[in-house]
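S.K.: Before I ask anything, here is the structure I am working with.
Protein chains: 2
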Amino acid sequence: MTSNAQQIDAETRATHDDHQALRLWLRLYACTNLIETRVRRRLQTRFGTTLPRFDLMAQLERVPDGLRMRELSGRLMVTGGNVTGLVDSLEAEGLVVREADGEDRRALRVKLTRDGRRVFRGMAAEHERWVVEMFAGLSNRETRAFAEQLQTLKEYIVTHIPMDEDE
Amino acid sequence: MTSNAQQIDAETRATHDDHQALRLWLRLYACTNLIETRVRRRLQTRFGTTLPRFDLMAQLERVPDGLRMRELSGRLMVTGGNVTGLVDSLEAEGLVVREADGEDRRALRVKLTRDGRRVFRGMAAEHERWVVEMFAGLSNRETRAFAEQLQTLKEYIVTHIPMDEDE
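Those sequence lines, one after another, are chains A and B.
The opening position of the first sequence corresponds to residue 1 in my numbering, with each subsequent residue numbered one higher.
The opening position of the second sequence corresponds to residue 168 in my numbering, with each subsequent residue numbered one higher.
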């Protein structure tokens, strides 16, 4: 694909009579895809890892005591991964460990190992540098306004829009 | 999951020393996921269809003469689908058709059938209603500013940030 063709995405092609909200959604979706594609590609080429693995380690890094599998599943941002499979493969590489829960010995908690924490922090620093670069086109003022609008959008949807229409 | 638990997503949990760009990216990603999840769920419950199928029909609807397979693949917004498989199943249902290209008889173009166009337009009207509802928390002024910031972000990334760091 030429670089010109890459710029003609579906949002650009939205016809003039498409309504404002629909165009905004297509633009939001296109932006997220642009960033996500670059992040996935770089995680692969730089670290040989995937976004679901990175996401899983990021959730564990925030909780030194680890998380039960169900809690971990609920916190992942990247959907579609097989959490058990991800934990199995990270455990085989020594990056996470399953341990008996302190309160309920029958339950297992997943934690980053010392190695896992070190590896994650190295990746996270690079990842943040990529994200800073990608948002560098927005001024501080624009960034603040953008963050506020996203917060408004998020709160409105969580509060007003059920997952299923008939709920 | 309780509705309270649903609100505690990864963006909310980002720690205070996370930098601004990273938090903005997590918030952008969370918003896109909130909307995309609802759209996917509703397409399934209301129409028994999927987002990749809807996306494919949306791209064809904009081009009455149809698209070659390669062009179609390049235009899809939703990644990860098997385009040939999608076209096969839509063709089996009579919603799209493969026809010989007018200019190059050896090439095939994919087009919506009359039935496909009718079915798509019904879904698209509903889909737009959902999107309008989801963005209803933003004022007109906020919507315009939001659209401008997304455009700035998109243009900056397309222009400045290659897919691979070393390009």
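Glycine is no exception: its CB is placed at the ideal position from the N, C-alpha and C atoms.
1. Around the Cβ of B:E322, are there at least 16 other Cβ atoms within 10 angstroms (buried) or fewer (exposed)?
2. To test your reading of the DSSP string, which unbroken alpha helix (DSSP H) runs of 4 or more residues are found completely within the segment 34 to 61 of chain A?
3. Taking any Cβ of chain B, which residues in the segment 30 to 61 of chain A have a Cβ under 8 Å from it, in chain order?
4. Of all the options A:V158, A:E71, A:D115, which has the alpha carbon lying nearest to the alpha carbon of B:A303?
5. Would you please verify whether the beta carbon of B:A188 is less than 7 Å from any beta carbon of chain A?
6. Of all the CB atoms in chain B, is at least one closer than 7 Å to the CB of A:A107?
7. Do the segment 282 to 298 of chain B and the segment 140 to 151 of chain A meet, that is, are 3 or more Cβ pairs less than 8 Å apart?
8. Note down, in chain order, all residues in the segment 232 to 250 of chain B with a beta-carbon under 9 Å from any beta-carbon belonging to chain A.
9. Give me the residue from B:L191, B:E260, B:A274, B:P231 with the minimum Cα distance to B:G215.
10. According to DSSP, simplified to helix, strand and coil, what is A:L150?
11. Taking 7 Å as the cut-off, decide whether the C-beta atoms of A:Q59 and A:R42 are in contact.
12. Among residues of its own chain, excluding the 5 on either side of B:I244, which ones have a beta-carbon nearer than 7 Å to its beta-carbon?
13. Closest to A:L95 by C-alpha separation, out of A:A107, A:G81, A:L112, A:L86, would be which residue?
14. Report yes or no: is there a C-beta of chain B within less than 7 Å of the C-beta of A:M163?
M.R.: If we stick to the structure as given:
1. exposed
2. 51 to 61
3. A30, C31, T32, N33, L34, I35, E36, T37, R38, R41, R42, T45, R46, D55, A58, Q59
4. A:V158
5. yes
6. no
7. no
8. G241, R242, L243, M244, V245, T246, G247
9. B:E260
10. helix
11. no
12. According to the sequence provided, residue 244 of chain B is Met. The question's Ile does not apply to it. Once the five neighbours on either side are set aside, the close Cβ partners of B:M244 are D222.
13. A:L112
14. yes
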